[in-house]
Amino acid sequence: MSLRTHYTSEIKPEDNGKEVIIAGWIHRIRDLGGVRFLIIRDMKDTIQVTIKKGEVPQDLLEITEKLREECVVTVKGIVKANRIAPKGREIIPKEIKVLDKPVENLPISISSKTEIGLDTRLNYRVLDLRRPEVLAIFKIQSKLVEGMEEYLIEQKFYKVFTPCIIGAASEGGSEVFPVIYFNRSAFLRQDPQLHRQLVVISGLDRIYDLGPSWRAELSHTPRHLCEHRGCAVEMGFIKDEYDIMRVQENLIVRGIMKVKKECGEELELLNKKLEVPSTPFPELRFPDVYDILEAYGKKIPFGEDYDRESELILAKYVKEKYKSDFFFVNRFPFKVKPFYVMKVDEDPQWARSVDLIYKGLELSSGGQREHRYEKIIEQIKEKGISLLSLQWFTDFFKYGAPPHGGFNIGIERLTMQLLDLSNIREATLFPRTPERLLP
RNA sequence: GCCCCGAUAGUAUAGUCCGGCCUAGAAUGCUGGCCUGUCGAGCCAGCGACCCGGGUUCAAAUCCCGGUCGGGGCGCCA
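Numbering (numbering that gives the first Met the number 0), first residue to last: 0 to 438.
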């Protein structure tokens, strides 16, 4: 049994005369002397409560005299359709209960339009989230992921949970966070990658995992977090990496469609118009990438990885040529990718390794994995990694593994790019960065 | 990890280059008052700040050094 009968968004002018109870925070008070307007905010929207001297019980005038912004209240009253009220309706109160009130002034204003720096906002994140335009980001993020999950479920993927604490650093490359595991050392995963592969070769060959990953990198950029979440998909019995690219682009499309369909008000609040991207997404391939970059005056040595600037150049190229914000980059040089990627058998300098770029930012990486035991061992040796350290993983490939592949889409990055947020921390409820561990 | 930039009321800022005219300014917020249709309400009055440590100087918000924190770029990557 809830304290409220309606969320504010559910009250329409057609409800004229109906008795309702709303519950929420005092968003704003406009006191004109003889008439006092309380704007009440809940999770969904706001509504105006109008208190006119002489038209409401005397005790309401006294109660509302003492109210401040961000008091938590319930209001029981009659809905009145009124053209001059916001959204054509207001509540004439019969009873107002104060459930709680702030014990001190708020450090940041919820209702005022004064701009607040991101760092300050994150220091007071809980209050920051009370601002409807901030909350809108996370409502959208929720629907985005929901749309993606709907697609995966339709496509017969199972949702699985893989471990966050791992006994051995998985990929090399980026730094891992050590954790104390009783009397042993362990790590937080950088990626659910290897365990996902193990699930697929176990026989559960269409899975996804929504969960966190950690990177112990001192990254000071608007697009890196020490803790981020991914939608990680892995599937078996694929023909080649193109099978996973098709899943990936449909996944993105379905996420965006869901947001477009269900988050009209939130998008409006953020002043965003979404276009559902058309599929298939354009694909660029190594080594053609080198030529494209060179045409834009960027020389990358043949066989080497491209850099951040190149990423932006390629995005510009794709936007001009294909009018797309999304594109895949395929066939990366094997030397810049981890041991588990599958080489192109006929031309083993290149790998069936695929990044997805969205508005110039890497959203995911993935591709086809090497499933043949001897090849995996060969590739581990080629990378100079100790076979022993990966034996826990490689041994399972001795017993029959199907061709498989997958990818991991960064949820915060997708949200950030979708909404053109200037910092990934905006797309994270409680971001973890090298300096920030609280709240 | 490397490079560049910054830190002034609760918030967001002006002032810093060229030290003194700063008793630090306007906004917003908060407190009090006026106001019967506001919708970033309006009007009047008040409250409130130079990141920390050291140095230079007759004099430091302002110049120098160190620290902390923040912003950005690179690397790493989701």
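No residue lacks a Cβ here, since even glycine has one placed at the ideal position from N, Cα and C. Note that the coordinates shown come from a computational prediction; the quantities given were computed from them, not determined experimentally.
Residue burial classification, GLY229 (beta-carbon count within 10 angstroms, cutoff 16): Translated into the one-based positions of the first sequence, residue 229 becomes position 230. GLY229 counts as buried, since at least 16 other C-beta atoms from the protein chains shown sit within 10 angstroms of its C-beta.
Rounded separation between HIS370 and CYS70 - CA only: One-based indexing of the first sequence puts residue 370 at position 371. One-based indexing of the first sequence puts residue 70 at position 71. CYS70 has its alpha-carbon roughly 60 Å from the corresponding atom of HIS370.
So is TYR180 buried or exposed if we call it buried at 16+ other beta carbons inside 10 Å? If you number the first sequence from 1, residue 180 lands on position 181. With fewer than 16 other Cβ atoms within 10 Å, it is exposed.
Counted within 10 angstroms of its Cβ, other Cβ atoms place PRO337 as buried (16 or more) or exposed: Position 338 of the first sequence holds residue 337. Buried, since its Cβ has 16 or more Cβ neighbours within 10 Å.
Does DSSP put VAL189 in a helix, in a strand, or in coil? Looking up residue 189 in the first sequence gives position 190. The question names Val, but residue 189 is Gln in the sequence shown. Coil, per DSSP.
Under 9 Å, do ILE77 and GLY16 count as touching if we go by C-beta distance? Counting from one through the first sequence, the residue named residue 77 turns up at place 78. Counting from one through the first sequence, the residue named residue 16 turns up at place 17. Cβ atoms of ILE77 and GLY16: closer than 9 Å.
Rounded C-alpha distance that separates PRO85 from LEU134: For the purposes of this step, residue 85 is taken as residue 86 along the first sequence, with counting starting at 1. For the purposes of this step, residue 134 is taken as residue 135 along the first sequence, with counting starting at 1. So the alpha carbons of these two residues sit roughly 21 Å apart.
If you reduce the DSSP assignment to three classes, tell me which class TYR157 lands in. Sequence index remark: in the first sequence, residue 157 carries index 158 (1-based). Looking at TYR157 - three-state DSSP - the assignment turns out to be strand.
List the whole-angstrom C-beta distance separating GLY146 from VAL258, where the pair is believed to meet the contact cut-off of C-beta under 8 Å. What you label residue 146 is simply residue 147 of the first sequence in a count that begins at 1. What you label residue 258 is simply residue 259 of the first sequence in a count that begins at 1. Contact holds; Cβ gap of about 7 Å.
Please state whether DSSP places GLU345 in a helix, a strand or coil. Stepping through the first sequence from its first residue, residue 345 is reached at position 346. Residue state, collapsed to three classes: coil.
Distance, ARG222 Cα to GLU446 Cα: This structure does not reach residue 446, given that the chain is present from 0 up to 438, and the question cannot be answered.
Of the residues PHE186, LYS138, PRO177, VAL198, the one placed nearest LYS448, counting alpha carbons only: No statement about residue 448 is possible, as the shown extent of the chain runs from 0 to 438 and does not include it.
Strand pairing of PRO211, partner residues [DSSP]: For this step, residue 211 is matched to residue 212 along the first sequence. DSSP lists ARG228 as partners of PRO211.
Indicate the three-state DSSP secondary structure (helix, strand or coil) for ASN122 in the structure shown. For this step, residue 122 is matched to residue 123 along the first sequence. The answer is helix: DSSP assigns ASN122 an H, G or I state.
Going straight from the alpha carbon of VAL246 to that of VAL343, what length do you get? Counting from 1 along the first sequence, the entry for residue 246 is found at position 247. Counting from 1 along the first sequence, the entry for residue 343 is found at position 344. Roughly 21 Å separates the two Cα atoms.
By how many angstroms is the C-alpha of GLU216 removed from the C-alpha of LYS43? As a first step, residue 43 is located in the first sequence; it is residue number 44 there, counting from the start. As a first step, residue 216 is located in the first sequence; it is residue number 217 there, counting from the start. For the pair LYS43 and GLU216, the Cα-to-Cα distance works out to about 38 Å.
How many angstroms separate the CA atom of ILE109 from the CA atom of THR45? As a position in the first sequence, residue 109 is number 110, starting the count at 1. As a position in the first sequence, residue 45 is number 46, starting the count at 1. Straight-line Cα distance between these residues: approximately 13 Å.
Given a threshold of 16 other Cβ atoms within 10 Å of its Cβ, counted over all protein chains shown, does TRP391 qualify as buried or as exposed? For the purposes of this step, residue 391 is identified with residue 392 of the first sequence, where counting begins at 1. Answer is exposed; the Cβ neighbour count stays below 16.
Within the same chain, show all residues whose beta-carbon is closer than 8 Å to that of GLY210, passing over the 5 residues directly before and after it, in chain order. For the purposes of this step, residue 210 is identified with residue 211 of the first sequence, where counting begins at 1. Same-chain partners within the cutoff: PHE160, THR161, CYS163, PRO191, ARG228, GLY229, ALA231.
Could you give the distance in angstroms between the alpha-carbon of LEU121 and the alpha-carbon of ILE243? For the purposes of this step, residue 121 is identified with residue 122 of the first sequence, where counting begins at 1. For the purposes of this step, residue 243 is identified with residue 244 of the first sequence, where counting begins at 1. Our two residues, LEU121 and ILE243, have alpha carbons roughly 37 Å apart in a direct line.
Please look up how many angstroms separate the CB atoms of LEU224 and THR414, rounded, as I've assumed it's under 8 Å. Your numbering for residue 224 matches position 225 in the first sequence. Your numbering for residue 414 matches position 415 in the first sequence. Contact doesn't hold; Cβ gap of about 12 Å is too wide.
Cα separation between PHE333 and VAL288? Residue mapping note: residue 333 aligns to position 334 of the first sequence, counting from 1. Residue mapping note: residue 288 aligns to position 289 of the first sequence, counting from 1. The straight-line gap separating the alpha-carbon atoms of PHE333 and VAL288 is approximately 15 Å.
Could you tell me which residues DSSP pairs with PHE406 in its beta bridges? Against the first sequence, residue 406 aligns to sequence position 407. Residue pairing from DSSP places PHE406 in a beta bridge opposite VAL232, GLY365.
Whole-angstrom distance between LEU269 and ILE90, CA atom to CA atom: Translated into the one-based positions of the first sequence, residue 90 becomes position 91. Translated into the one-based positions of the first sequence, residue 269 becomes position 270. Note on geometry: alpha-carbon atoms of ILE90 and LEU269 lie some 27 Å from one another.
Considering only C-alpha positions, which residue in the set GLU64, GLU13, VAL97 is nearest to LEU2? Here the question's residue 2 lines up with position 3 in the first sequence. Nearest of GLU64, GLU13, VAL97 to LEU2, Cα basis: VAL97.
Same chain, Cβ closer than 6 Å to GLY235, neighbours up to 5 away in sequence not counted: Looking up residue 235 in the first sequence gives position 236. Beyond the five residues adjoining it in sequence on each side, GLY235 comes within less than 6 Å, by CB distance, of VAL199, ASP204, PRO401, HIS403 in the same chain, given in chain order.
Would you mind sorting PRO131 into buried or exposed? The rule is 16 or more other CB atoms within 10 Å of its CB. If you number the first sequence from 1, residue 131 lands on position 132. Burial call: buried.
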